[in-house]
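Asker:
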């Protein structure tokens, strides 16, 4: 079913034509059909099954987090351009009348909005570190958490694999460097096997995050030099530039330091995560197996629908 | 298991102590445990089963919508105080350095954020009307849509039944006044039967939305006079003021007018919805049946877990 490389626009148009994505009039913002959602849910269940034996603690957070925790996380240092702060109207009746006049006149009415206590979640795992830190030092065996939420990144794009709001499922290991690097090596293998069972072409490669500005280029180079980030890539909208569908990140003690999260021995906790981009995985399946899951190969259907 | 009325604070503390809700340091913002999520998912599946025979079109939207659609919706007229606009950093490297200085000094760094093209979803059904309008006039049988998303309302509260981010599942009927009022009457019965099958005490009552300001008091009175909104109420944090867990709303032609959405005969479309507050239903179950679902009565467990 794999067809020759098609551009992001063509693939986006086809997804919309087949009713899988619903355009919302903003680049990178889409509704999903029932068929699309079913694929997302089945893949998500597969990730649950693949992690079952580890008995991770399930935590589910809404798509926004505490602004103070967000400030402490260091995200603004590295990715200010991607963050989304949530603002509200706090005025009285006269302010309200003025606001409605601006809306009616087609003028900007958002300047008077003031920041609330919440910021859009940039990656599913952000809320777990302050949560664990509030419990005190980790137990000797460390912690393993299962998270899943919508995430926001302000990068409007016509590439359907680069949405502004998308879902990320993660397993996150927090503990000693040995515990977390062993976890990441294990999931590099498990993740690749999982995706191969779905009949899509995968490669694994060293990667870096999109750090902001000139200083960011050094951070990115450093991240690559130290082998801190790997990605599992699948061609979706380009054969030359395959899309990261899973990522395997070793944060060292970045989050431990941000919240003084300690191991049982009193050292700063290290952390690592495996993150699944659920929309991207679904798009990869539609790209390689066809737009109608009923027609996908029987072995793949059996993996997903049992 | 029903105990005497306990305050919102006591119930919130108990939910946290039992690990069902995870405090995030912002009033009305919580993580959910795996047990809490399982109850939400099982109830959501029950809502799916209760609506199955109607073959609604499934649409799933992310937790934010197009800002232009939001402006057109009329939400700012009625509930400006509840809305959440999403803002981003769009500056260069010098702006970034200035921003980080303000963060480090504990000063407000959010004034320089500018509004993006998206606004938090205030109710799950908002994105569907412009979606349907883009398709042209409705077919003769009208439309029936199944939506589910996280919604945001800026009303920080210690009452766990009043979260800033919560999930709403809705069936929405769009068509002639006869089609949509018949749908609402039908769901008033179905919704009440569904909730009674879960062994919680319910009442149904006339209601109104929390319209803003003095003019809003007239809108609210008018909404009640016309019988446009009913709620299914369950005592959660107060016996005197039970909490709306389901709501049955007749919007008349409000959304039809906003997007010039027409019936097959060319009239402005009317709409009505039944909305399920998933966190509120879960909280009602924990309140009345106990904090551990393993101990819930067998008939209720059988309804939820089959």
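Protein chains in written order, with our numbering: chain A, 30 to 335; chain B, 30 to 335. Beta carbons: idealized from backbone N, C-alpha and C, even for Gly.
Grouping DSSP H, G and I as helix and E and B as strand, with all else coil, what is residue 38 of chain A?
Answerer: Along the first chain, read from residue 1 onward, the residue named residue 38 of chain A stands at position 9. Residue 38 of chain A falls in the helix class under three-state DSSP.
Asker: At a CB distance below 9 Å, what residues from the region 291–323 of chain A approach chain B? Give them in sequence order.
Answerer: Listed by position along the chain: nothing, the set is empty.
Asker: How many angstroms separate the CA atom of residue 94 of chain A from the CA atom of residue 57 of chain B?
Answerer: One-based indexing of the first chain puts residue 94 of chain A at position 65. One-based indexing of the second chain puts residue 57 of chain B at position 28. Cα to Cα, residue 94 of chain A sits roughly 11 Å from residue 57 of chain B.
Asker: Applying a beta-carbon distance threshold of less than 7 Å, which residues of chain B neighbour residue 139 of chain A?
Answerer: The residue given as residue 139 of chain A occupies position 110 in the first chain. Those are 114, 144, listed as they occur along chain B.
Asker: Over what stretch of residues does the beta strand (DSSP E) that includes residue 263 of chain B continue unbroken?
Answerer: Looking up residue 263 of chain B in the second chain gives position 234. Run containing residue 263 of chain B: 258–263, per the beta strand (DSSP E) assignment.
Asker: On the premise that residue 116 of chain B lies in contact with residue 242 of chain A, defined as a C-beta separation below 8 Å, what is that separation, rounded to the nearest angstrom?
Answerer: Translated into positions along the first chain, residue 242 of chain A becomes position 213. Translated into positions along the second chain, residue 116 of chain B becomes position 87. 20 Å between Cβ atoms; not a contact.
Asker: Rank B/52, B/279, B/169, B/224 by C-alpha distance to the C-alpha of residue 210 of chain B and give the top, closest one.
Answerer: The residue given as residue 210 of chain B occupies position 181 in the second chain. Nearest C-alpha to residue 210 of chain B: B/279.
Asker: Any beta carbon from chain A within less than 8 Å of residue 73 of chain B's own beta carbon?
Answerer: Stepping through the second chain from its first residue, residue 73 of chain B is reached at position 44. No, residue 73 of chain B lies away from the interface with chain A (no Cβ there is under 8 Å from its Cβ).
Asker: According to DSSP, simplified to helix, strand and coil, what is residue 52 of chain A?
Answerer: Looking up residue 52 of chain A in the first chain gives position 23. Here residue 52 of chain A sits in strand by DSSP.
Asker: Please report the straight-line C-alpha distance between residue 79 of chain A and residue 207 of chain B, rounded to a whole angstrom.
Answerer: Start at 1 with the first residue of the first chain, and residue 79 of chain A comes out as number 50. Start at 1 with the first residue of the second chain, and residue 207 of chain B comes out as number 178. Answer to the nearest angstrom: the Cα atoms are 50 Å apart.
Asker: Tell me whether the beta-carbon of residue 311 of chain A lies closer than 8 Å to the beta-carbon of residue 90 of chain A.
Answerer: Counting from 1 along the first chain, the entry for residue 311 of chain A is found at position 282. Counting from 1 along the first chain, the entry for residue 90 of chain A is found at position 61. Going by C-beta atoms, residue 311 of chain A is not nearer than 8 Å to residue 90 of chain A.
Asker: Does DSSP classify residue 193 of chain A as helix, strand or coil?
Answerer: Counting from one through the first chain, the residue named residue 193 of chain A turns up at place 164. If DSSP states are grouped into helix, strand and coil, residue 193 of chain A belongs with coil.
Asker: If you scan the region 135–165 of chain A from start to end, which runs of the beta strand (DSSP E) of 3 or more residues do you find wholly inside it?
Answerer: DSSP runs (the beta strand (DSSP E)) wholly in the region 135–165 of chain A: 143–149.
Asker: For residue 54 of chain B, return the contacting residues in chain A, with the cut-off set at a CB-CB distance below 7 Å.
Answerer: Working through the second chain from its first residue, we reach residue 54 of chain B at position 25. Per Cβ cutoff of 7 Å: 95, 97, 98.
Asker: In the DSSP assignment, the beta strand (DSSP E) including residue 23 of chain B goes from what residue to what residue?
Answerer: For residue 23 of chain B there is no data in the structure shown, the boundaries of chain B being 30 and 335.
Asker: Which residues, in order along the region 269–285 of chain B, keep a beta-carbon less than 9 Å from a beta-carbon of chain A?
Answerer: Residues: none.
Asker: So, do the region 195–205 of chain A and the region 230–245 of chain A have three or more beta carbon pairs nearer to each other than 8 Å?
Answerer: Too few Cβ pairs lie closer than 8 Å, so no.
Asker: Relative to the C-alpha of residue 161 of chain B, which residue among B/287, B/259, B/328, B/254 is closest?
Answerer: Numbered from 1 along the second chain, position 132 holds the residue referred to as residue 161 of chain B. It is B/287.
Asker: Report the residue from A/290, A/145, A/169, A/220 whose alpha carbon sits nearest the alpha carbon of residue 113 of chain A.
Answerer: As a position in the first chain, residue 113 of chain A is number 84, starting the count at 1. Nearest C-alpha to residue 113 of chain A: A/145.
Asker: Please confirm if residue 156 of chain B has its CB atom under 8 Å from at least one CB of chain A.
Answerer: Position 127 of the second chain, counting from 1, holds the residue named residue 156 of chain B. Yes, residue 156 of chain B counts as interfacial toward chain A.
Asker: Among all the DSSP beta bridges, which residues are the ones paired with residue 304 of chain A?
Answerer: Here the question's residue 304 of chain A lines up with position 275 in the first chain. Answer is A/199, A/276, bridged to residue 304 of chain A.
Asker: Please report the residue range of the alpha helix (DSSP H) in which residue 267 of chain B lies.
Answerer: In the second chain, residue 267 of chain B corresponds to position 238, counting from 1. Residue 267 of chain B -> no alpha helix (DSSP H), and no H or E assigned at all.
Asker: How about residue 189 of chain A: is its C-beta nearer than 8 Å to some C-beta of chain B?
Answerer: For this step, residue 189 of chain A is matched to residue 160 along the first chain. It does not: the Cβ of residue 189 of chain A has no partner Cβ on chain B nearer than 8 Å.
Asker: Does the beta-carbon of residue 334 of chain B have 16 or more other beta-carbons within 10 angstroms, so that it is buried, or is it exposed?
Answerer: As a position in the second chain, residue 334 of chain B is number 305, starting the count at 1. By the neighbour-count rule (16 or more Cβ atoms within 10 Å), residue 334 of chain B is not buried but exposed.
Asker: Can you find a C-beta in chain A that's less than 8 Å from the C-beta of residue 335 of chain B?
Answerer: Start at 1 with the first residue of the second chain, and residue 335 of chain B comes out as number 306. No, residue 335 of chain B does not count as interfacial toward chain A.
Asker: Just to check my reading of the structure: residue 215 of chain A and residue 87 of chain A have Cβ atoms closer than 8 Å, yes? What is that Cβ distance to the nearest angstrom?
Answerer: The residue you call residue 215 of chain A lines up with position 186 of the first chain. The residue you call residue 87 of chain A lines up with position 58 of the first chain. So it is not a contact: roughly 19 Å between Cβ atoms.
Asker: Report the residue from A/270, A/301, A/265, A/228 whose alpha carbon sits nearest the alpha carbon of residue 213 of chain A.
Answerer: On the first chain, residue 213 of chain A is found 184 positions in, with the first residue counted as 1. The candidate whose alpha carbon is nearest that of residue 213 of chain A is A/301.
Asker: Going by DSSP in three states, residue 169 of chain A sits in which element: helix, strand or coil?
Answerer: Walking along the first chain from the start, residue 169 of chain A turns up at place 140. Residue state, collapsed to three classes: coil.
Asker: I need the DSSP call for residue 238 of chain B, collapsed to helix, strand or coil.
Answerer: Taking the second chain and counting its residues from 1, one reaches residue 238 of chain B at position 209. Reduced to three states, the DSSP call for residue 238 of chain B is coil.
Asker: Strictly below 9 Å CB to CB, what residues from chain B border residue 62 of chain A?
Answerer: Residue 62 of chain A sits at position 33 when you count from the first residue of the first chain. Residues of chain B passing the Cβ test: 86, 87, 88, 89.
Asker: Would you say residue 117 of chain B faces chain A, with C-beta separation under 8 Å as the test?
Answerer: As a first step, residue 117 of chain B is located in the second chain; it is residue number 88 there, counting from the start. Yes, because at least one Cβ of chain A sits closer than 8 Å to the Cβ of residue 117 of chain B.
Asker: For a cutoff of 8 Å on Cβ pairs, would you count residue 77 of chain A as touching chain B?
Answerer: Your numbering for residue 77 of chain A matches position 48 in the first chain. Residue 77 of chain A does not count as touching chain B.
Asker: Around the Cβ of residue 256 of chain B, are there at least 16 other Cβ atoms within 10 angstroms (buried) or fewer (exposed)?
Answerer: Along the second chain, one-based indexing puts residue 256 of chain B at 227. So residue 256 of chain B ends up on the exposed side.
Asker: Relative to the C-alpha of residue 204 of chain B, which residue among B/327, B/292, B/134, B/154 is closest?
Answerer: Position 175 of the second chain holds residue 204 of chain B. For the residues B/327, B/292, B/134, B/154, the minimum Cα distance to residue 204 of chain B belongs to B/292.
Asker: Are there 16 or more other CB atoms within 10 angstroms of the CB of residue 165 of chain A, so buried, or fewer, so exposed?
Answerer: Here residue 165 of chain A corresponds to residue number 136 of the first chain, with the count starting at 1. Exposed is the call here.
Asker: Output, in chain order, the set of chain A residues within a Cβ distance shorter than 9 Å of residue 132 of chain B.
Answerer: For the purposes of this step, residue 132 of chain B is taken as residue 103 along the second chain, with counting starting at 1. Result: 100, 105, 106.
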